[in-house]
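When we follow the working numbering, the leftmost residue of the sequence shown carries the number 5, and every step to the right adds one.
Where is the CB? At the ideal position from N, CA and C, for every residue including glycine.
It should be emphasised that the depicted structure is a prediction, and the values quoted were computed from it without experimental measurement.
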Amino acid sequence: MATAYLRDTVGFLRWRLVPVRMLGKLKSVLAGPAPTPEAALTLDRGRAQAVERDGYTMAAPVDPDAVAQIREIYLPRGEQVVPREGGHPFENIMRAEDFTADNPVFRLAFSDAILGAAEAYFGGRFLFDSMQVLHSFPTEGELRASQFWHRDYGDSKSLHFVMYVNDVLDDEGGPFVFIDKATSRTVKRSPFIRRLTDAQIAAEIGHDRFETFYGKSGEAVLVDPAVCYHFGSRCKTPRTAVFITFNTNTPIPG
(Lines of atoms letter the chains of each structure in order from A; the text may use other names.)
(Lines give C-alpha, C1' and ligand atoms only; values in the text may rest on other atoms or scores of the structure.)
Protein backbone atom coordinates (compact mmCIF):
# COMPACT_ATOMS: atom_id res chain seq x y z
CA MET A 5 0.00 0.00 0.00
CA ALA A 6 2.77 2.46 0.94
CA THR A 7 4.61 1.66 -2.28
CA ALA A 8 1.46 2.29 -4.31
CA TYR A 9 0.91 5.65 -2.58
CA LEU A 10 4.52 6.62 -3.24
CA ARG A 11 4.27 5.61 -6.89
CA ASP A 12 1.05 7.59 -7.33
CA THR A 13 2.55 10.62 -5.62
CA VAL A 14 5.72 10.56 -7.71
CA GLY A 15 3.62 10.23 -10.84
CA PHE A 16 1.44 13.15 -9.79
CA LEU A 17 4.46 15.33 -9.05
CA ARG A 18 6.07 14.43 -12.36
CA TRP A 19 2.88 15.37 -14.18
CA ARG A 20 2.52 18.70 -12.38
CA LEU A 21 6.11 19.82 -11.87
CA VAL A 22 8.15 18.63 -14.83
CA PRO A 23 6.20 20.58 -17.48
CA VAL A 24 6.36 23.72 -15.33
CA ARG A 25 10.08 23.39 -14.63
CA MET A 26 10.85 22.54 -18.27
CA LEU A 27 8.78 25.49 -19.43
CA GLY A 28 10.82 27.76 -17.19
CA LYS A 29 14.12 26.31 -18.44
CA LEU A 30 12.99 26.59 -22.07
CA LYS A 31 12.07 30.23 -21.58
CA SER A 32 15.46 30.87 -19.99
CA VAL A 33 17.29 29.40 -22.98
CA LEU A 34 15.19 30.83 -25.80
CA ALA A 35 13.89 34.12 -24.52
CA GLY A 36 16.47 35.55 -22.12
CA PRO A 37 14.84 37.80 -19.50
CA ALA A 38 11.21 36.73 -19.27
CA PRO A 39 8.60 39.40 -20.10
CA THR A 40 5.53 39.92 -17.95
CA PRO A 41 3.05 37.30 -19.25
CA GLU A 42 -0.07 38.57 -21.00
CA ALA A 43 -1.93 35.86 -19.12
CA ALA A 44 -0.92 32.79 -17.18
CA LEU A 45 -3.35 29.96 -16.61
CA THR A 46 -6.00 31.18 -14.17
CA LEU A 47 -4.26 34.33 -12.88
CA ASP A 48 -5.37 37.15 -15.17
CA ARG A 49 -3.00 39.87 -16.29
CA GLY A 50 -4.56 42.52 -14.06
CA ARG A 51 -4.01 40.54 -10.89
CA ALA A 52 -0.49 39.57 -11.93
CA GLN A 53 0.28 43.25 -12.40
CA ALA A 54 -1.29 44.02 -9.02
CA VAL A 55 1.10 41.64 -7.23
CA GLU A 56 4.05 43.15 -9.12
CA ARG A 57 2.91 46.71 -8.39
CA ASP A 58 1.47 46.44 -4.87
CA GLY A 59 2.98 43.22 -3.55
CA TYR A 60 -0.41 41.53 -3.08
CA THR A 61 -3.80 40.71 -4.59
CA MET A 62 -6.77 38.52 -3.77
CA ALA A 63 -6.35 34.91 -4.91
CA ALA A 64 -8.71 33.04 -7.21
CA PRO A 65 -11.62 31.30 -5.45
CA VAL A 66 -10.81 27.84 -4.13
CA ASP A 67 -13.11 24.93 -4.94
CA PRO A 68 -15.59 24.59 -2.02
CA ASP A 69 -15.25 20.80 -2.02
CA ALA A 70 -11.48 21.13 -1.55
CA VAL A 71 -12.02 23.60 1.29
CA ALA A 72 -14.46 21.20 2.96
CA GLN A 73 -11.93 18.36 2.73
CA ILE A 74 -9.20 20.55 4.21
CA ARG A 75 -11.46 21.62 7.07
CA GLU A 76 -12.41 18.01 7.80
CA ILE A 77 -8.76 17.00 8.21
CA TYR A 78 -7.12 20.01 9.80
CA LEU A 79 -9.63 21.69 12.10
CA PRO A 80 -9.70 18.62 14.42
CA ARG A 81 -5.89 18.50 14.35
CA GLY A 82 -5.71 22.14 15.32
CA GLU A 83 -7.79 21.43 18.40
CA GLN A 84 -5.08 19.00 19.55
CA VAL A 85 -2.30 21.62 19.49
CA VAL A 86 -0.94 22.47 22.94
CA PRO A 87 0.06 26.17 23.13
CA ARG A 88 3.68 26.90 24.06
CA GLU A 89 4.93 29.64 26.35
CA GLY A 90 7.77 30.72 24.04
CA GLY A 91 8.89 30.70 20.43
CA HIS A 92 6.62 30.92 17.42
CA PRO A 93 2.93 31.03 18.39
CA PHE A 94 1.88 28.43 15.84
CA GLU A 95 2.41 24.81 14.82
CA ASN A 96 2.53 23.23 11.38
CA ILE A 97 -0.11 20.49 11.54
CA MET A 98 0.71 18.86 8.21
CA ARG A 99 2.22 15.41 8.77
CA ALA A 100 4.56 13.28 6.71
CA GLU A 101 1.68 11.06 5.62
CA ASP A 102 -0.11 14.10 4.15
CA PHE A 103 2.39 14.38 1.31
CA THR A 104 0.45 12.23 -1.13
CA ALA A 105 -1.42 13.02 -4.32
CA ASP A 106 -4.72 12.38 -2.52
CA ASN A 107 -4.25 15.05 0.15
CA PRO A 108 -6.40 18.16 -0.55
CA VAL A 109 -3.67 20.64 0.47
CA PHE A 110 -1.15 18.79 -1.68
CA ARG A 111 -3.52 18.90 -4.65
CA LEU A 112 -4.28 22.58 -4.04
CA ALA A 113 -0.58 23.44 -4.03
CA PHE A 114 -0.14 21.90 -7.49
CA SER A 115 -3.43 23.08 -8.97
CA ASP A 116 -3.62 25.29 -12.05
CA ALA A 117 -4.79 28.20 -9.91
CA ILE A 118 -1.76 28.15 -7.61
CA LEU A 119 0.83 27.21 -10.22
CA GLY A 120 -0.72 29.83 -12.50
CA ALA A 121 -0.14 32.50 -9.87
CA ALA A 122 3.51 31.50 -9.52
CA GLU A 123 3.92 31.24 -13.31
CA ALA A 124 2.58 34.76 -13.76
CA TYR A 125 4.51 36.37 -10.92
CA PHE A 126 7.90 34.79 -11.63
CA GLY A 127 7.58 34.70 -15.41
CA GLY A 128 7.93 30.92 -15.38
CA ARG A 129 11.16 30.86 -13.36
CA PHE A 130 10.27 29.68 -9.89
CA LEU A 131 10.81 26.96 -7.33
CA PHE A 132 8.30 25.38 -5.00
CA ASP A 133 9.39 26.21 -1.44
CA SER A 134 6.85 24.78 1.00
CA MET A 135 3.27 23.89 1.87
CA GLN A 136 2.10 24.19 5.46
CA VAL A 137 -1.10 24.24 7.46
CA LEU A 138 -0.35 26.54 10.38
CA HIS A 139 -2.49 26.47 13.50
CA SER A 140 -1.97 29.67 15.50
CA PHE A 141 -2.89 29.74 19.16
CA PRO A 142 -3.70 32.74 21.39
CA THR A 143 -0.87 34.43 23.27
CA GLU A 144 -0.68 37.04 26.00
CA GLY A 145 1.89 39.65 26.92
CA GLU A 146 4.79 40.81 24.75
CA LEU A 147 5.09 40.02 21.06
CA ARG A 148 6.88 36.80 20.17
CA ALA A 149 9.06 35.85 17.19
CA SER A 150 7.06 36.27 13.96
CA GLN A 151 4.48 38.50 15.70
CA PHE A 152 6.92 41.37 15.17
CA TRP A 153 6.91 43.18 11.84
CA HIS A 154 9.41 41.61 9.45
CA ARG A 155 10.14 40.62 5.86
CA ASP A 156 11.09 37.11 4.76
CA TYR A 157 14.77 37.19 3.86
CA GLY A 158 15.24 33.84 2.10
CA ASP A 159 14.87 35.41 -1.36
CA SER A 160 14.53 38.82 -2.98
CA LYS A 161 11.17 37.79 -4.48
CA SER A 162 8.71 35.31 -3.04
CA LEU A 163 5.02 34.43 -3.16
CA HIS A 164 2.73 33.32 -0.36
CA PHE A 165 -0.70 31.85 -1.00
CA VAL A 166 -2.53 32.27 2.32
CA MET A 167 -5.95 30.63 2.71
CA TYR A 168 -7.99 30.64 5.89
CA VAL A 169 -9.35 27.26 6.97
CA ASN A 170 -11.63 28.83 9.57
CA ASP A 171 -13.36 32.21 9.32
CA VAL A 172 -11.16 35.17 10.30
CA LEU A 173 -13.56 38.10 10.38
CA ASP A 174 -12.13 40.38 13.07
CA ASP A 175 -8.90 41.21 14.86
CA GLU A 176 -9.61 38.60 17.53
CA GLY A 177 -9.19 35.93 14.85
CA GLY A 178 -5.62 36.98 14.08
CA PRO A 179 -5.85 38.19 10.47
CA PHE A 180 -2.81 38.36 8.19
CA VAL A 181 -1.58 41.98 8.36
CA PHE A 182 0.96 43.53 6.01
CA ILE A 183 2.18 46.75 4.38
CA ASP A 184 2.08 47.21 0.63
CA LYS A 185 5.24 47.06 -1.47
CA ALA A 186 5.74 50.79 -1.99
CA THR A 187 5.27 51.65 1.69
CA SER A 188 7.51 48.78 2.78
CA ARG A 189 10.31 50.34 0.73
CA THR A 190 10.27 53.35 3.05
CA VAL A 191 11.33 51.19 6.01
CA LYS A 192 15.05 51.53 6.72
CA ARG A 193 17.25 48.93 5.07
CA SER A 194 19.60 46.89 7.24
CA PRO A 195 22.13 44.08 6.68
CA PHE A 196 20.51 42.40 9.69
CA ILE A 197 17.03 40.88 9.94
CA ARG A 198 14.78 43.47 11.54
CA ARG A 199 11.95 42.69 13.95
CA LEU A 200 9.86 45.80 14.62
CA THR A 201 7.05 46.70 16.98
CA ASP A 202 3.90 48.50 15.81
CA ALA A 203 5.26 51.79 17.15
CA GLN A 204 8.59 51.34 15.37
CA ILE A 205 7.05 50.48 12.00
CA ALA A 206 4.56 53.36 12.28
CA ALA A 207 7.41 55.78 13.04
CA GLU A 208 9.32 54.64 9.95
CA ILE A 209 6.45 54.72 7.45
CA GLY A 210 4.81 57.80 8.97
CA HIS A 211 1.41 56.27 9.79
CA ASP A 212 -0.28 53.18 11.21
CA ARG A 213 -2.59 52.31 8.32
CA PHE A 214 -1.92 48.69 7.40
CA GLU A 215 -3.48 46.17 5.02
CA THR A 216 -5.54 43.59 6.92
CA PHE A 217 -6.81 40.43 5.25
CA TYR A 218 -10.11 39.36 6.77
CA GLY A 219 -11.87 36.43 5.15
CA LYS A 220 -14.17 33.47 5.40
CA SER A 221 -13.04 29.87 5.26
CA GLY A 222 -11.58 29.22 1.80
CA GLU A 223 -10.79 32.84 0.97
CA ALA A 224 -7.16 33.56 0.15
CA VAL A 225 -4.65 36.28 -0.64
CA LEU A 226 -1.43 36.27 -2.68
CA VAL A 227 1.36 38.35 -1.14
CA ASP A 228 5.11 38.71 -1.59
CA PRO A 229 6.54 38.37 1.95
CA ALA A 230 10.02 39.27 0.73
CA VAL A 231 8.99 42.82 -0.22
CA CYS A 232 5.97 43.43 2.04
CA TYR A 233 6.52 43.88 5.77
CA HIS A 234 4.04 41.72 7.69
CA PHE A 235 3.53 39.97 11.00
CA GLY A 236 2.35 36.54 12.10
CA SER A 237 -0.96 35.86 13.77
CA ARG A 238 -1.74 37.72 16.98
CA CYS A 239 -4.97 35.84 17.54
CA LYS A 240 -7.20 35.75 20.60
CA THR A 241 -9.14 32.84 19.13
CA PRO A 242 -7.33 30.00 17.31
CA ARG A 243 -6.64 30.41 13.61
CA THR A 244 -5.81 27.73 11.02
CA ALA A 245 -4.47 28.72 7.60
CA VAL A 246 -2.84 27.12 4.57
CA PHE A 247 0.48 28.66 3.51
CA ILE A 248 1.92 27.68 0.10
CA THR A 249 5.17 29.41 -0.85
CA PHE A 250 7.22 29.83 -4.02
CA ASN A 251 10.60 31.49 -4.62
CA THR A 252 12.68 32.37 -7.67
CA ASN A 253 14.67 29.58 -9.29
CA THR A 254 17.89 31.39 -8.28
CA PRO A 255 17.19 32.57 -4.71
CA ILE A 256 19.08 35.69 -3.64
CA PRO A 257 18.51 36.84 -0.03
CA GLY A 258 16.73 40.18 0.13
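Discussion item. Can you check which of these residues, A230, A124, D202, is closest to R213 by C-alpha distance?
Written reply: Out of A230, A124, D202, D202 has the C-alpha closest to the C-alpha of R213.
Worksheet item: With a Cβ-Cβ cutoff of 9 Å, do P80 and P87 count as a contact?
Response: At least 9 Å separates the beta-carbon of P80 from that of P87.
Worksheet entry | the stretch 216-236 in contact with the stretch 188-204 per 3-pair CB rule at 8 Å | In short, these stretches touch, since the Cβ pair count reaches three.
Worksheet item: Cα separation between Y78 and H164?
Response: Cα-Cα distance, rounded: 19 Å.
Worksheet entry | Near the ligand NAP: V231 beta-carbon under 8 Å from a heavy atom | No copy of the ligand NAP occurs in the structure displayed, which carries no ligand at all.
Practice prompt. Provide the residue(s) that pair with S194 in DSSP beta bridges, ordered along the chain.
Written response: Looking at the DSSP assignment, S194 forms no beta bridge with any residue, so it has no partner.
Worksheet item: Thinking C-beta only, is P142 closer than 9 Å to T241?
Response: In contact: T241 and P142 (Cβ atoms closer than 9 Å).
Fill in: Option nearest A64 by Cα separation, candidates G90, D116, S140, T254
The shortest Cα separation from A64 among G90, D116, S140, T254 belongs to D116.
Worksheet item: Alpha carbon to alpha carbon, how far is I248 from N107?
Response: Computed Cα separation, rounded: 14 Å.
Item to complete: Can you have a look at A192 and say buried or exposed, based on whether 16 or more other CB atoms are within 10 angstroms of its CB?
Response: Position check: residue 192 holds Lys in this sequence, whereas Ala was assumed. That one is exposed.
Discussion item. Would S140 and R243 be called neighbours here (beta carbons separated by less than 9 Å)?
Written reply: Cβ distance < 9 Å, so S140 and R243 count as in contact.
Fill in: Residues that S140 bridges to, as DSSP identifies them
F94, R243, per the DSSP bridge assignment.
Discussion item. Quick check: what's the CA-CA separation for Y125 versus V137?
Written reply: For Y125 and V137, the distance between alpha carbons rounds to 23 Å.
Worksheet item: Which residue's Cα is closest to the Cα of N251: I74, F132, T104, Q73?
Response: Put simply, of I74, F132, T104, Q73 the residue whose alpha carbon is nearest the alpha carbon of N251 is F132.
Worksheet item: Under a Cβ-count criterion, where at least 16 other Cβ atoms within 10 Å of its own Cβ denotes burial, should A122 be classed as buried or exposed?
Response: Counting Cβ neighbours within 10 Å, A122 comes out buried, since at least 16 surround it.
Worksheet item: Taking the alpha-carbon positions, what's the A245 to G210 distance?
Response: Each residue's alpha carbon lies about 31 Å from the other.
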